[in-house]
Structure formats: C-alpha cells, structure tokens
Amino acid sequence: MQRHAFCTALSLLLLSMVTHAKEYAIFAAKPEYPAEAKARHFTGSGVFSLHIAPDGHVERVDTIKSIGHGILDDAASTALSQWRFHVQKTAWVLRIPIRYIDGLPRHDAAMSRRPQPGYGVLISVFSRHD
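Residue numbers for the sequence shown, in this note's numbering: 35 to 164.
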C-alpha cells in the first residue's frame, strides 16, 4: 500500500514537471534596448500578453501595461513575437513582465522571485554591458 502511494505521488510529481516544462520557450529572442532610448535614458517596466497557438508560435502580443515609452514597448513586442514554445493541444496565453534599466547588469530581488501562475519570469534589459 505504501509503495503504491509512493509510486502514485512520484508519477504525479513527474507528470507536473513534464507538463510544466512544455510552457518554457524553446526560442526566446532577447529584447533590444534601442539606441534612442539609451541616449534619452528611458526606463520602465510593463507586462505583455503572448497569445500562443497550439503549434507553439506567438499569434499576437498585447500590451497589458505599457513600459511608458512607445519605443520600448515596440522593442519588447518585436522580440516577444519571435518567441516559440512547445506544441500544445490548445492555444494559450502567457503574460511576460519586462523592465528596461539604465545601467550595467546587476542581480536584484525581483529576479529571484518565482513567477505567478500564468506569468513568465521577469525579463530585465540593461542599457549597458561590461
């Protein structure tokens, strides 16, 4: 009885891991920090909704919350529209938070937070690199 319960629990754990893995992007184009936005020190954060077809391509990207600068919204949308995902039985939606930061890359607490259900990980784009 205990062995059966253990095997059932292990099967459910593995199934959830396999199912969750299909939600990862198999290709994720990196958003650019446009030169004009860098020169003008534009920063901000927003959220975008990716409408993903069953074959894994992004059918459209909607802006849920604007970054605050059209040039950054456009750069984010352009990159996100190129993402590709594993094949699913039905279409689905994934929300992606993104932020543009003026400066060198650095790690902060926001990068360590687990995403909420229905959301992807936070994407951080920095204006400068080492």
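Each residue gets a CB set at the ideal place from its N, CA and C atoms; glycine is no exception.
No experiment lies behind these values; they were computed from the predicted model shown.
Spatial neighbours of Pro68 in its own chain (CB-CB distance under 6 Å, excluding positions within 5 residues in sequence) are listed in chain order as Ile105 and Ala109.
With respect to the 8 Å criterion, Val159 and Pro65 are classified as neighbours on the basis of their beta carbons. The beta carbon of Gly90 sits closer than 8 Å to the beta carbons of Ile60, Arg118, Phe119, His120, Val121 and Gln122 from its chain, once the five residues preceding and following it are set aside; these are given in chain order. Counted as a single uninterrupted DSSP element, the alpha helix (DSSP H) harbouring Lys72 occupies residues Ala69 to Ala73. Checking the DSSP bridge columns, you'll see Val121 has no partner listed. Contact between Asp136 and His75 holds, with the beta-carbon distance rounding to 5 Å and staying under 8 Å.
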